[in-house]
Every structure is written in C-alpha cells, then in structure tokens.
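So the structure is just underneath, and the comments pick up after that.
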Amino acid sequence: MKSRITRMTAALLAAVLSLSLLVGCKPKKELTRYTTIFYDVFDTVTQVIAYCESEEEFNTQMQALHQDLIAYNQLYDIYNNYDGVVNVKTINENAGKAPVQVDDRILSMLELARQMYDLTGGKINIAMGSVLGIWHDYREAAEQNASEADNTLPTQEELEVAAQHCDINDLVIDEEAKTVYLSDPEMSLDVGSVGKGYAVEMVCRAAEARGLTSALVSVGGNLRAIGTKPDGSQWTGGVENPWNASEVYTNTNSIFGSPINMSDLALVTSGDYQRYFVVDGKRYHHIIDPDTLWPAAYYNGVTVLCPDSGMADCLTTALFCMPLEEGQKLVESLDGVEAMWCTPDKQATTSSGWDSHLKK
125 MKSRITRMTA ALLAAVLSLS LLVGCKPKKE LTRYTTIFYD VFDTVTQVIA YCESEEEFNT
185 QMQALHQDLI AYNQLYDIYN NYDGVVNVKT INENAGKAPV QVDDRILSML ELARQMYDLT
245 GGKINIAMGS VLGIWHDYRE AAEQNASEAD NTLPTQEELE VAAQHCDIND LVIDEEAKTV
305 YLSDPEMSLD VGSVGKGYAV EMVCRAAEAR GLTSALVSVG GNLRAIGTKP DGSQWTGGVE
365 NPWNASEVYT NTNSIFGSPI NMSDLALVTS GDYQRYFVVD GKRYHHIIDP DTLWPAAYYN
425 GVTVLCPDSG MADCLTTALF CMPLEEGQKL VESLDGVEAM WCTPDKQATT SSGWDSHLKK
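Going by my numbering, the letters in the sequence shown line up with residues 125 to 484, in that order.
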C-alpha cells in the first residue's frame, strides 16, 4: 500500500511540475513605453515614464499614483485646508492648544524628519516654520512688487525673535494615540525639506506593490527610478548646472555631461537658483541656514543620490547648510549615499563613489 501511495504521489508531483514548466514557458507580453504629466501636486510638474504590458495597465497605474500624490500633497500642505483632511496646517493652527489626531502618513514623515534632524546635527529642522514663514512672506512680497528696488529684507531682530520658537523638542508625537502636538503656541512646522521627497518614495513603493516594475518618476526634479528598463539597462538622470541652467547633458567635458545610472535609486537636487528674490543685486534663496537664519551661502547646488527619496530630500537641504568637509564626512559615513557639491567658485566636488554611477 505504501509503495502504491508513493508511486501516486510521484506521478502527481511530476504532473504538477510539467504544468509549471508549461506555464513558465508561456512568453511574457512585450512591455511598451508610456508617458504622462501631472500639474496639480506639490506646486510643480510631475512626469512619469513607465513600461507596461498595455495602455490600460499604464492608465490604471497612473491613476492610482496620481491619487496617491494628491493625498500626500494635501496632507503635507501648510498653506491650505481641504474638506475632511487633517493636515500639517491643522497641526500648526492648534499649536499650544491641543494634540491633533493625524494620518499615519503624517506620523511617518515627521518621524523621518526628526531622525534626520538628529543625523545632521539639526541642519534640517522642520520646527523652523516661524523663521521660514518670514522668508516666505518677503519672497512673496517681492514677487508682487513692480520693481526690484521695492524689495526688502527681514531684520536680524525679527528673525531672532522667531528663532526662539524652533525647538524640535516642542514637537510632541504620540504614536499610540496617533496625535501630534506643538507645545509652543508660537511654533509652526514647515515640511518643505522632507514632504515632497518622502511622498515620492511612498508613492513609488505603492506602485511597485501594485506590480509596476519599470518606471522613472520626476516630481519637480525629485527623481525616483523603479527597477530597470525592460532590456536590463538602467534609467538615467542628470544634474542641472547651477551656473548655466540650460546645461544638463550638453557639455560632455564637464561633470554635467555624464548621465547618472539609476536603478531603484533617487536623485534629488537643492539649488539657490530655484526659488529666490533679489535685493540690491544679491540673490536670497529659500534654503535657510538654521545657524545664521539667512540663506545658506556655501553652495549653488547640492545633489544627493541614494536608495530613498525622502532621505535624499532631507540630505540635500542639510548638506546645503554644512561646510564641505563636514558634509563629506557625513556622506561617507552613510551606506549607499553619494553627493555632489557645486560651490560659488564654479567647482564641483563629488563623494568617493559618485563616479561609479556615471554612465560610461
């Protein structure tokens, strides 16, 4: 009897194996390249290139990705309210009043920001909303002025008063209750240094979980590659030349002439040429040094390449506010992280592993 059962089991296994081989030999559908553009999230342009088996699959993936981006945009917004949405603006409005119960996507983003604060010695601080808000207001006023001569700057006293309300320890997160509380009533959060990058990372991970295997997502220049192209080649990204905005790939004799290989990597750049206003011929950009309370003056551009878009977003801001040697030491201490620093003397310095990612 035992021998008969063994023979039957062996026969059944052989049949299953044969069926598996037949299924495994079924040719895969060829993947086709599709593209789309969105204009309604994070106040910038979103572009996606993806390879899918059909246009229907691509459209389904992009609809879900777009809806995810819209949700993150609303959750991380510090300027606008949305029906039925408790967001970062809601947290700020309740500073010193009461804890606010929030979505897990806010909690996880804030936790990353706090970790990056510790990692960078406070060079990225989402609790600086009171200071950053002053610079935002002056920049907005400059955009409305008829003449550059009408533009003005905040006073040091004004900035220092606001800086008294930037203690990250006044950000109280209760993970069990899922609440966020700002214990200083004059404090406010500004998540511009982390929100978009973190959202891009989470959206791409969700797309991968839905079956997307090959894509390049760009949200205002925050690049995130999913997998490789169907032929096995890597996606490529470029670094905008901060001294000549029209140059990305045009000069093959410069570091900007080398496309950067990207497979499951993020490429993020912060620059003094992106958002700024001019007073007396001098440019005042949006990346504020927490030590001086004024626009950081070390670089014209900093680019970070690493596996996580949220971390890359945080690091570009933090490195922008660090002297070169300090920034290099930090980058070299982090696994899988590379960076490029572009200084005002028009010199580009890269981390030790940067060149290994350049397309040959």
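Cβ coordinates follow ideal geometry from the N, Cα and C atoms, glycine included. Treat the numbers as computed from the prediction; the structure is a model and nothing was measured.
Linking Ala266 to Phe401 through their CA atoms gives a straight-line distance of about 6 Å.
DSSP places Ser387 outside any alpha helix (DSSP H), giving it a letter other than H or E. Secondary structure of Tyr203 (DSSP, three-state): coil. Counting every other CB atom within 10 Å of its CB across the protein chains shown gives Thr170 a total of 16 or more, marking it as buried. Excluding the 5 residues flanking it on each side, Trp478 has same chain C-beta neighbours closer than 8 Å at Leu429, Glu462, Ala463, Met464, in chain order.
Classified as exposed, Val296 has fewer than 16 neighbouring CB atoms from the shown chains inside 10 Å of its CB. Exposure of Lys483 is indicated by the presence of fewer than 16 other C-beta atoms within 10 angstroms of its C-beta. Arg407 sits in a strand when the DSSP states are folded into three classes.
Excluding the 5 residues flanking it on each side, His289 has same chain C-beta neighbours closer than 7 Å at Ser254, Asp308, Glu310, Met311, in chain order.
Taken in chain order, the unbroken stretches of beta strand (DSSP E) that lie wholly in the region 315 to 367 and span 3 residues or more are 339 to 343, 346 to 350, 359 to 361.
Val315 places its beta carbon less than 9 Å from that of Ala237.
Residues Val165, Phe166 of the same chain have their beta carbon placed closer than 6 Å to that of Asn197, with the five preceding and five following residues left out of the count. The three-state reading of DSSP puts Cys290 in coil, since its state is none of H, G, I, E or B. For Ile250, the three-state secondary structure derived from DSSP is coil. At a cut-off of 4 residues, the continuous stretches assigned as alpha helix (DSSP H) that sit fully inside the region 395 to 449 are 433 to 444.
For the options Asp355, Ala330, Ile350, the alpha carbon positioned closest to that of Leu189 is the one of Ala330. When C-alpha distances from Ala273 are compared across Asn205, Leu458, Gly405, the shortest belongs to Gly405. Assigned with DSSP and collapsed to three states, Met464 falls in strand. Ala174 is the residue among Ala174, Ser232, Met446 whose C-alpha sits nearest the C-alpha of Pro354.
Looking at the DSSP output, Thr474 bridges to Met464. Between the alpha carbons of Tyr158 and Val341 lies a gap of roughly 12 Å.
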